[in-house]
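J.: Residue numbers (the working numbering): 76 to 197.
1. Can you pull the DSSP bridge partners for residue 188?
2. Taking the DSSP output, what are the residues bridged to residue 94?
3. Kindly indicate which residue of 83, 117, 99 has the alpha-carbon position closest to the one of residue 171.
4. Quick one: Cα of residue 144 to Cα of residue 173, how far?
5. In this structure, does DSSP put residue 137 in helix, strand or coil?
6. Assign residue 144 to one of three DSSP states: helix, strand, or coil.
7. State whether the segment 175 to 186 contacts the segment 109 to 128, with contact taken as three or more CB pairs (one from each stretch) at a distance under 8 Å.
8. Would you mind stating whether residue 102 and residue 87 have Cβ atoms separated by less than 8 Å?
9. Do residue 156 and residue 46 count as a contact pair if the criterion is CB distance below 8 Å?
10. Between residue 193 and residue 184, is the Cβ-Cβ spacing less than 8 Å?
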(Lines of atoms letter the chains of each structure in order from A; the text may use other names.)
(Lines give C-alpha, C1' and ligand atoms only; values in the text may rest on other atoms or scores of the structure.)
Protein backbone atom coordinates (compact mmCIF):
# COMPACT_ATOMS: atom_id res chain seq x y z
CA UNK A 76 0.00 0.00 0.00
CA UNK A 77 1.37 3.40 -0.93
CA UNK A 78 0.76 5.30 2.32
CA UNK A 79 1.65 8.69 0.85
CA UNK A 80 -0.91 8.37 -1.98
CA UNK A 81 -3.55 7.13 0.44
CA UNK A 82 -2.90 10.03 2.81
CA UNK A 83 -3.11 12.54 -0.05
CA UNK A 84 -6.34 10.98 -1.28
CA UNK A 85 -7.95 11.05 2.19
CA UNK A 86 -7.06 14.74 2.62
CA UNK A 87 -7.82 15.98 -0.89
CA UNK A 88 -11.33 17.28 -0.16
CA UNK A 89 -14.34 17.10 -2.45
CA UNK A 90 -16.45 19.17 -4.82
CA UNK A 91 -20.14 19.78 -4.19
CA UNK A 92 -22.19 22.11 -6.41
CA UNK A 93 -18.96 23.50 -7.90
CA UNK A 94 -17.70 24.42 -4.43
CA UNK A 95 -14.50 22.93 -3.01
CA UNK A 96 -14.80 21.51 0.53
CA UNK A 97 -11.59 20.58 2.37
CA UNK A 98 -11.36 17.29 4.26
CA UNK A 99 -9.74 17.37 7.70
CA UNK A 100 -10.28 13.69 8.51
CA UNK A 101 -10.48 10.46 6.56
CA UNK A 102 -13.64 8.82 5.35
CA UNK A 103 -16.68 7.95 7.47
CA UNK A 104 -16.89 4.39 8.76
CA UNK A 105 -19.33 2.49 6.58
CA UNK A 106 -18.84 4.95 3.72
CA UNK A 107 -18.88 3.70 0.15
CA UNK A 108 -15.08 3.62 -0.04
CA UNK A 109 -14.60 1.80 3.31
CA UNK A 110 -14.32 -1.73 1.84
CA UNK A 111 -11.66 -0.56 -0.62
CA UNK A 112 -9.69 1.16 2.12
CA UNK A 113 -9.97 -1.93 4.33
CA UNK A 114 -8.67 -4.10 1.51
CA UNK A 115 -5.75 -1.74 0.94
CA UNK A 116 -4.86 -1.75 4.64
CA UNK A 117 -5.15 -5.53 5.05
CA UNK A 118 -3.43 -6.56 1.83
CA UNK A 119 -0.39 -8.56 2.77
CA UNK A 120 -1.81 -10.72 5.57
CA UNK A 121 -2.11 -13.77 3.31
CA UNK A 122 1.53 -13.46 2.21
CA UNK A 123 2.61 -12.89 5.81
CA UNK A 124 0.92 -16.13 6.89
CA UNK A 125 2.37 -18.03 3.93
CA UNK A 126 5.87 -16.75 4.66
CA UNK A 127 5.70 -17.60 8.38
CA UNK A 128 3.87 -20.91 8.51
CA UNK A 129 3.89 -24.23 6.73
CA UNK A 130 0.38 -23.89 5.31
CA UNK A 131 -0.13 -27.63 4.88
CA UNK A 132 1.22 -28.81 8.23
CA UNK A 133 -0.21 -25.95 10.29
CA UNK A 134 -3.44 -25.93 8.26
CA UNK A 135 -3.41 -22.13 8.18
CA UNK A 136 -6.20 -20.67 6.05
CA UNK A 137 -7.12 -17.01 5.65
CA UNK A 138 -10.51 -15.75 4.46
CA UNK A 139 -11.29 -12.03 4.17
CA UNK A 140 -14.20 -9.86 3.16
CA UNK A 141 -13.30 -6.15 3.41
CA UNK A 142 -12.29 -5.66 7.07
CA UNK A 143 -13.75 -8.95 8.33
CA UNK A 144 -11.48 -11.97 8.27
CA UNK A 145 -11.00 -15.39 9.78
CA UNK A 146 -7.86 -17.41 10.16
CA UNK A 147 -8.08 -21.12 10.80
CA UNK A 148 -5.26 -23.25 12.09
CA UNK A 149 -4.18 -26.63 13.38
CA UNK A 150 -4.43 -25.78 17.08
CA UNK A 151 -5.63 -23.16 19.53
CA UNK A 152 -2.06 -22.76 20.79
CA UNK A 153 -0.74 -22.03 17.28
CA UNK A 154 -3.42 -19.40 16.71
CA UNK A 155 -3.11 -17.81 20.16
CA UNK A 156 0.68 -17.83 20.55
CA UNK A 157 1.98 -17.41 17.00
CA UNK A 158 -0.67 -16.25 14.53
CA UNK A 159 -2.46 -13.65 16.66
CA UNK A 160 0.74 -11.82 17.72
CA UNK A 161 1.89 -11.78 14.09
CA UNK A 162 -1.43 -10.27 12.96
CA UNK A 163 -1.35 -7.73 15.81
CA UNK A 164 2.15 -6.64 14.74
CA UNK A 165 1.01 -6.37 11.09
CA UNK A 166 -1.96 -4.21 12.14
CA UNK A 167 0.08 -2.08 14.55
CA UNK A 168 2.33 -0.94 11.69
CA UNK A 169 -0.85 0.35 10.02
CA UNK A 170 -2.12 1.98 13.26
CA UNK A 171 -4.90 -0.61 13.49
CA UNK A 172 -5.87 -3.08 16.23
CA UNK A 173 -7.89 -6.26 16.50
CA UNK A 174 -11.32 -5.79 18.00
CA UNK A 175 -11.23 -7.56 21.37
CA UNK A 176 -14.98 -8.25 21.32
CA UNK A 177 -14.88 -9.65 17.77
CA UNK A 178 -11.66 -11.66 18.13
CA UNK A 179 -12.41 -15.23 19.09
CA UNK A 180 -10.32 -18.37 19.10
CA UNK A 181 -12.67 -21.33 19.15
CA UNK A 182 -12.91 -24.92 18.03
CA UNK A 183 -14.79 -25.49 14.76
CA UNK A 184 -17.19 -27.83 16.58
CA UNK A 185 -18.27 -24.87 18.75
CA UNK A 186 -18.59 -22.63 15.69
CA UNK A 187 -18.31 -18.89 15.12
CA UNK A 188 -20.20 -16.10 13.36
CA UNK A 189 -18.84 -14.65 10.12
CA UNK A 190 -20.69 -12.23 7.82
CA UNK A 191 -24.04 -13.05 9.39
CA UNK A 192 -23.60 -16.82 9.20
CA UNK A 193 -22.83 -19.30 11.95
CA UNK A 194 -20.01 -21.56 10.76
CA UNK A 195 -19.46 -24.87 12.54
CA UNK A 196 -18.52 -28.48 11.99
CA UNK A 197 -21.52 -30.75 12.48
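In this text, a Cβ means the ideal position worked out from N, Cα and C, and glycines have one as well.
T.: In short, the structure shows the following:
1. 193
2. Paired residues: 91.
3. 117
4. 11 Å
5. In the structure shown, the three-state DSSP call for residue 137 is strand.
6. strand
7. no
8. no
9. As shown, the chain starts at 76 and ends at 197. That puts residue 46 outside it, with no answer to give.
10. Contact: no.
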